[in-house]
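Those sequence lines, one after another, are chains E, H and D.
Residue 1 is where the first sequence starts when you use my numbering, and the numbers rise one by one after that.
Residue 1 is where the second sequence starts when you use my numbering, and the numbers rise one by one after that.
Residue 1 is where the third sequence starts when you use my numbering, and the numbers rise one by one after that.
Every residue gets a Cβ at the ideal spot worked out from N, C-alpha and C, and that includes glycine.
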Amino acid sequence: MDAVVFWALAAGATVLAVAVFVVDSMARATFALLGSFLLAAGEIILLGLAYLGVVIVVMMIMEMVIMAVFMVMYMMNPAGLMPMSMVHNQRGALVIAGGVFAALAAGIFLIPWPTQGTHSSGADATFDLGKVLMGPHMLTMMLLGITLFATMIVTVSLAAARGRYDRLGDDLEGGSRQ
Amino acid sequence: MVVETAPLWAVLVAPALLTALAGVGTWADRLVEARAAGAASRPEAVLTGMVSDAARLLVAQRRATLAPDRLMWRLGVVVVPVAAVLAVVVVPFGRWAVDDLGVGVVWFNAMEILTWAALWAAGWGPNSFWSLIGGYRMVVQGLAYELPHMFALIGVATAAGSLQVGTIVAHQRHLWFAVWMPLGFVAYLLSVLGFSFTKPFDQPAGADLSGGVLVEAAGADRLVIAAGRWLLLAAGAAMAVPLFLGGGLGPGLPAWAWSTLKSLAVLGVLVAARHRMPTIRLQRWVPVAWLVLIPLTIVQVLVAALVVLAR
Amino acid sequence: MSLQVFLLLAAALFCVGVYGALSQQSIVMLMMGLELMFNGITVAASAFWAYVGPGSPSDQVVVVVAVVAMAVEMAVGFAVTTAIFRARDVDMTDMAADLKQ
Chain E
1 MDAVVFWALA AGATVLAVAV FVVDSMARAT FALLGSFLLA AGEIILLGLA YLGVVIVVMM
61 IMEMVIMAVF MVMYMMNPAG LMPMSMVHNQ RGALVIAGGV FAALAAGIFL IPWPTQGTHS
121 SGADATFDLG KVLMGPHMLT MMLLGITLFA TMIVTVSLAA ARGRYDRLGD DLEGGSRQ
Chain H
1 MVVETAPLWA VLVAPALLTA LAGVGTWADR LVEARAAGAA SRPEAVLTGM VSDAARLLVA
61 QRRATLAPDR LMWRLGVVVV PVAAVLAVVV VPFGRWAVDD LGVGVVWFNA MEILTWAALW
121 AAGWGPNSFW SLIGGYRMVV QGLAYELPHM FALIGVATAA GSLQVGTIVA HQRHLWFAVW
181 MPLGFVAYLL SVLGFSFTKP FDQPAGADLS GGVLVEAAGA DRLVIAAGRW LLLAAGAAMA
241 VPLFLGGGLG PGLPAWAWST LKSLAVLGVL VAARHRMPTI RLQRWVPVAW LVLIPLTIVQ
301 VLVAALVVLA R
Chain D
1 MSLQVFLLLA AALFCVGVYG ALSQQSIVML MMGLELMFNG ITVAASAFWA YVGPGSPSDQ
61 VVVVVAVVAM AVEMAVGFAV TTAIFRARDV DMTDMAADLK Q
């Protein structure tokens with residue numbers, strides 16, 4: 001049963017990943033990427049990490065919906081009604097990607113992985129993660145927090161054409177605009 | 001155990017119960033509307049009107065637009081009710097939930113966020129100006145209500161020390177979370193109105209866009225998306241009960257009766273809010289959500305954390 | 001079902017991402033390739049959690065870091081695209097090549 005679910009999810013995730021670069025419509029490309037993420041999250045849940053799997057579902061739906069907005073904004077042909085090619089060095093990219101895959105696959109099957117059976121008690125995984133993030137990996141957690149905070153400031157200051165004085169006008173009390 | 005996972009056939013019962021709750025909500029809504037308009041307002045007349053409207057939509061033709069993205073359109077329309085039904089998987093009805101997942105709260109959150117993607121796709125699909133704007137508005141609205149919603153859920157999960165809905169219910173044996181986390185409760189109810197794009201947050205389907213995401217949805221499409229909207233509202237109301245109002249816990253009556261009564265009460269409040277409040281423009285709502293609601297709900301989480309530490 | 005098949009899936013997702021990141025001209029499409037590479041990494045880390053040293057929470061931390069990295073990458077990517085686009089109406093990597101001078 002698990003094997004059937006695994007292969008169905010894996011095939012779906014890979015096909016949708018390829019579809020991202022095949023379909024003409026940007027909206028469809030974004031949603032194909034979303035589908036690939038959701039199916040990969042299914043694999044993660046299958047492995048016993050229910051919390052991380054569902055969190056990835058949450059994150060990726062939000063991210064991809066926002067991504068769709070930008071895709072439509074920046075692509076010349078968002079709906080794919082006039083197909084055009086927007087690639088460079090396609091053969092080189094294919095060769096490199098294929099080569100990387102071959103190398104990784106060879107490694108996957110040649111390396112004697114130190115497997116110690118499967119870990120099945122998924123109930124504690126969430127608790128473990130919380131304990132380790134609030135304990136030994138506190139530094140990681142804090143760095144992630146600071147990184148996200150810095151990202152917010154950097155992205156807003158990079159992307160905003162107007163400063164705060166534009167929003168409220170010269171008198172910071174507001175009232176002069178809108 | 002306060003909540004346990006029901007046998008497999010509950011998979012069929014849960015959508016039926018959700019549909020019934022949504023039906024009661026729609027019926028009450030139409031009754032209030034008819035009374036306000038001074039029209040014929042006998043309850044059974046309103047009910048037959050509802051059924052005949054649904055039947056008419058079912059046989060009406062779909063609208064054809066120029067160069068639509070049919071796949072995205074259908075997907076978006078269908079996912080709206082599907083998200084509501086999937087969300088309700090973790091909501092206990094009395095003692096039983098379809099599956100009391102260990103990460104139930106996050107699951108509910110994920111299914112609720114599905115409506116962003118669904119409405120954007122439903123707005124994008126028909127290749128129509130107004131409906132696309134409606135889809136974009138849903139993204140803006142989502143970004144406004146989502147963080148208060150998440151912090152409200154985090155407050156509840158912190159107080160109970162668990163993401164499992166059953167454990168959250170068990171922790172409210174003595175005191176409902178709504179009593180000592182009122183900010184979280186209000187933020188949650190507002191977000192329910194938000195993700196079901198119901199007045200006052202109906203800008204994605206606003207009258208100023210002549211229907212927004214609904215403008216090109218006719219026939220069965222319209223029925224599915226309108227029903228999905230009410231199913232989402234009902235799912236949000238049903239989830240408020242285990243999160244904030246002690247689930248099926250209560251004196252005298254059996255647990256399923258308490259769940260039903262509380263769900264209907266929350267749904268009644270939401271329907272009343274829908275009629276009492278005017279549509280709020282997103283330009284005005286987003287600053288309120290980000291500058292007022294998010295800090296308040298963060299304080300709420302802090303309070304919950306301190307209470308847990310002191311306990 | 002074994003570690004190998006999960007890693008194979010991760011490698012497949014990663015390599016589709018590599019292809020996208022290398023071949024796409026548009027910055028936003030390039031970022032979709034990067035996101036797919038992260039997708040492969042999360043699957044691989046989860047597989048390691050389940051099969052190698054079962055249940056070690058550090059593997060979960062890798063997934064968390066990867067998810068955060070995805071969010072940061074996308075946010076900064078779009079901000080930079082917006083800034084470049086605003087400055088000179090460019091949204092393709094080739095046209096932004098003179099930035100390195």
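DSSP state of residue i mapped onto helix, strand, coil
{"i": "residue 5/H", "result": "strand"}
{"i": "residue 26/D", "result": "strand"}
{"i": "residue 4/E", "result": "helix"}
{"i": "residue 97/H", "result": "strand"}
{"i": "residue 69/E", "result": "helix"}
{"i": "residue 387/H", "result": "For chain H, the structure presents residues 1 to 311; residue 387/H sits outside this window and is missing."}
{"i": "residue 23/E", "result": "coil"}
{"i": "residue 215/H", "result": "coil"}
{"i": "residue 78/E", "result": "coil"}
{"i": "residue 178/E", "result": "Per-residue confidence for residue 178/E stands at a pLDDT of 44, beneath the threshold of 50, marking its modelled position as unreliable; no derived number is given."}
Short CB-CB distance (under 8 Å) between residue i and chain E
{"i": "residue 47/D", "result": "yes"}
{"i": "residue 121/H", "result": "yes"}
{"i": "residue 34/D", "result": "no"}
{"i": "residue 87/D", "result": "no"}
{"i": "residue 72/H", "result": "yes"}
{"i": "residue 136/H", "result": "yes"}
{"i": "residue 117/H", "result": "yes"}
{"i": "residue 8/D", "result": "yes"}
{"i": "residue 88/H", "result": "no"}
{"i": "residue 124/H", "result": "yes"}
{"i": "residue 308/H", "result": "no"}
{"i": "residue 69/H", "result": "yes"}
{"i": "residue 82/H", "result": "no"}
{"i": "residue 292/H", "result": "no"}
{"i": "residue 30/D", "result": "no"}
Opening and closing residue of the alpha helix (DSSP H) in which residue i lies
{"i": "residue 176/H", "result": "Where residue 176/H is concerned, there is no enclosing alpha helix (DSSP H), given that its DSSP letter is neither H nor E."}
{"i": "residue 280/H", "result": "Residue 280/H -> no alpha helix (DSSP H), and no H or E assigned at all."}
{"i": "residue 15/H", "result": "10–37"}
{"i": "residue 182/H", "result": "182–195"}
{"i": "residue 91/E", "result": "90–110"}
{"i": "residue 58/D", "result": "57–88"}
{"i": "residue 128/E", "result": "125–133"}
{"i": "residue 295/H", "result": "294–310"}
{"i": "residue 198/H", "result": "No alpha helix (DSSP H) contains residue 198/H, which DSSP labels as neither H nor E."}
{"i": "residue 210/H", "result": "No alpha helix (DSSP H) holds residue 210/H; DSSP gives it neither H nor E."}
{"i": "residue 159/E", "result": "138–159"}
Distance cut-off 7 Å: residue i Cβ against heavy atoms of the ligand GDP
{"i": "residue 59/D", "result": "This structure does not include the ligand GDP; it has no bound ligands of any sort."}
8 Å Cβ cutoff, residue i in contact with chain D
{"i": "residue 89/E", "result": "yes"}
{"i": "residue 139/E", "result": "no"}
{"i": "residue 110/E", "result": "no"}
{"i": "residue 75/E", "result": "yes"}
{"i": "residue 100/E", "result": "yes"}
{"i": "residue 4/E", "result": "no"}
{"i": "residue 177/E", "result": "Its pLDDT being 47, under 50, residue 177/E is placed unreliably in this model, and the value from its coordinates should be taken loosely. Not one chain D Cβ lies under 8 Å of residue 177/E."}
{"i": "residue 38/E", "result": "no"}
{"i": "residue 153/E", "result": "no"}
{"i": "residue 93/E", "result": "yes"}
{"i": "residue 97/E", "result": "yes"}
{"i": "residue 106/E", "result": "no"}
Beta carbon proximity, residue i to chain H, threshold 8 Å
{"i": "residue 147/E", "result": "no"}
{"i": "residue 126/E", "result": "yes"}
{"i": "residue 50/E", "result": "yes"}
{"i": "residue 79/E", "result": "yes"}
Interfacial residues, the segment 101–113 of chain H to chain E, with Cβ spacing under 8 Å: 101, 102, 103, 106, 107, 109, 110 and 113
Alpha helix (DSSP H) runs wholly inside the segment 229–277 of chain H, at least 4 long, in chain order: Scanning the segment 229–277 of chain H for uninterrupted alpha helix (DSSP H) segments of 4 residues or longer gives 255–276, listed from N- to C-terminal end.
Length-filtered (4 minimum) alpha helix (DSSP H) runs lying within the segment 105–180 of chain H: 129–160, 165–170 and 177–180
Near-chain H residues of the segment 8–34 of chain E - C-beta to any C-beta below 9 Å: 25, 27, 28, 31 and 34
Residues of the segment 149–179 of chain H whose Cβ lies closer than 8 Å to any Cβ of chain E, in chain order: 163
Residues from the segment 54–71 of chain E in contact with chain H, defined by Cβ distance under 8 Å: 54, 55, 57, 58, 61, 62, 64, 65, 66, 68 and 69
Complete runs of the alpha helix (DSSP H) confined to the segment 37–93 of chain H [at least 4 residues]: Taking only runs of at least 4 residues, the alpha helix (DSSP H) segments lying wholly in the segment 37–93 of chain H are 43–59 and 70–87.
Contact residues within the segment 60–82 of chain D, judged by C-beta distance below 8 Å to chain B: Within the model displayed, chain B is absent; protein chains E, H and D are what it includes.
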